[in-house]
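Colleague: Residue numbers (my numbering), protein chains in the order written: chain A, 603 to 735; chain B, 1402 to 1577.
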Amino acid sequence: MNCDDVKNDLYFYIKNDIDLPTKKGIEEHIEKCSVCKELLNEFSKTLRVVDKCYVKVPSKNWDYFAEKTMNKIHVKRIYGFLRPTIGFMACVLIFAFSYRYYQLQKLQTITYVPSTEETVSYLVDFDIPELNE
Amino acid sequence: MKVKVQNNFEEIIIKHQQKIYKFIFSFVKNENDTDEIAQQTFFNAFKGYKKFRGESSVDTWLIKIAINNIRTHFRKKKFFSIFKVLDNEEIEIKDLKDDLKSAEEVVKNKMISNKINKAIEDLPARQKEVFVMKHIDGLSISEIADILEIAEGSVKASIFKAINNLRKLLGGIDEL
């Protein structure tokens, strides 16, 4: 066994979740290799620390939880489509209003004719008889 | 027919809910989020129940759905954390096996406990998944490989990398 083989099996060696020939192979390697020996000690220490910090799974009334889950599934099946539908309709409405607003703005820009003196004088330059009169 | 499917599925929930709940909780460590993810998992399973061909066991199938929901949960959490100035959602205080003697010890143990959980949280996603599944949930290598759809060798390598990273992250913690 080389170092790479041993490294991948160290966890299982520590947890004693390994077949006998592999275990023997690791032990033989560790006797010769100080790097892997050090790693084994460090890994054991790390796992001991991790093991001391455990989270209790909250206790539950499982019958009630199953019933609640089934009810939720039932509700989601019936009303589950509502959320995406409302979202889609909201998007369509926002788009429609924005488009309408944009169109109105555009129309106002086109129809707006400034009646300033500058414009009149500019038009006079074209020599339109009606305008001169 | 619908009623039959519903009854069958209710049996599945009753049979597997504890294992699925424990599995989700080992990642999320928050009761409310676990409730929500577990229910979402069973809802997704219900939707896909007709398509389930029994190629893997029901357990593995449900865990596969659960792990996808857990990933979605963490993605959402990461996204919304941008908008949070302060993250109020503290990981529930962990119990340490030691008998707690003084207030100072309680604080110290809480700090160590939080540091350990933070170290596990900070592992790269694949390493965290593999480590939690193996070390906390006690799944076999072949089960993990099947759930994550990776080779067994990759599972072993990820476990090694996870412990190696934990070793570095927890370097300052003396043995309790």
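We put the beta carbon where it would ideally sit given N, CA and C, even for glycine.
Take A:M603 and list the residues in its own chain whose beta-carbon comes closer than 7 Å to its own, dropping the five residues that flank it on each side.
Modeller: If we look at A:M603 and ignore the five residues flanking it on each side, its Cβ neighbours are G627, I628 and H631.
Colleague: If you draw a straight line from the C-alpha of A:R679 to the C-alpha of B:F1447, how long is it?
Modeller: So the alpha carbons of these two residues sit roughly 10 Å apart.
Colleague: Check each residue of the stretch 1407 to 1428 of chain B: if its Cβ is closer than 9 Å to any Cβ of chain A, include it; give the result in chain order.
Modeller: Residues passing the 9 Å Cβ filter: Q1407, F1410, E1411, I1414, I1415, Q1418, Q1419, Y1422, K1423, F1426 and S1427.
Colleague: When DSSP labels each residue in this structure, what does A:C635 get in the three-state scheme?
Modeller: Reduced to three states, the DSSP call for A:C635 is coil.
Colleague: Mind the definition here: the stretch 1434 to 1451 of chain B touches the stretch 1460 to 1472 of chain B only if three or more C-beta pairs lie below 8 Å; say whether that holds.
Modeller: Verdict: yes, contact present.
Colleague: Here's the rule I'm using: 16 or more other beta-carbon atoms within 10 Å means buried, otherwise exposed. How should A:V608 be labelled?
Modeller: The residue in question, A:V608, is buried, as its Cβ has 16 or more Cβ neighbours within 10 Å.
Colleague: Taking 7 Å as the limit between beta carbons, can you name the residues of its chain near B:S1543, skipping five residues before and five after?
Modeller: So the qualifying residues of the chain are E1553.
Colleague: Report the residues of the stretch 1552 to 1571 of chain B with a CB closer than 7 Å to any CB of chain A, ordered along the chain.
Modeller: Result list: K1557, A1558, I1560, F1561, I1564, L1567, R1568 and L1571.
Colleague: If we require 3 or more residues per run, which beta strand (DSSP E) segments fall completely within the stretch 1499 to 1525 of chain B?
Modeller: Entirely contained in the stretch 1499 to 1525 of chain B, not one beta strand (DSSP E) run reaches 3 residues.
Colleague: So, does the CB of B:S1514 fall closer than 8 Å to a CB anywhere in chain A?
Modeller: Cβ-Cβ to chain A under 8 Å: yes for B:S1514.
Colleague: What does B:E1432 touch in chain A if you count any residue whose Cβ is under 7 Å from its own?
Modeller: Within 7 Å Cβ-Cβ: P660.
Colleague: Could you confirm whether any beta carbon from chain A is found closer than 8 Å to the beta carbon of B:N1518?
Modeller: Interface residue, yes.
Colleague: How would you write the range of the alpha helix (DSSP H) that A:M603 sits in, first residue to last?
Modeller: Careful: A:M603 lies outside any alpha helix (DSSP H) and carries neither H nor E.
Colleague: Using the Cα positions of A:I675 and B:F1444, report the straight-line distance between them to the nearest angstrom.
Modeller: Taking the straight line from one Cα to the other gives about 5 Å.
Colleague: Return no unless some Cβ of chain A is closer than 8 Å to the Cβ of B:F1443.
Modeller: Output row for B:F1443: interface = yes.
Colleague: Measure the Cβ-Cβ separation of B:N1566 and B:L1524 and say whether it is below 8 Å.
Modeller: A contact, by the Cβ cut-off of 8 Å.
Colleague: Taking all protein chains shown into account, do 16 or more other C-beta atoms lie within 10 angstroms of the C-beta of B:K1519, making it buried, or fewer, making it exposed?
Modeller: It counts as exposed.
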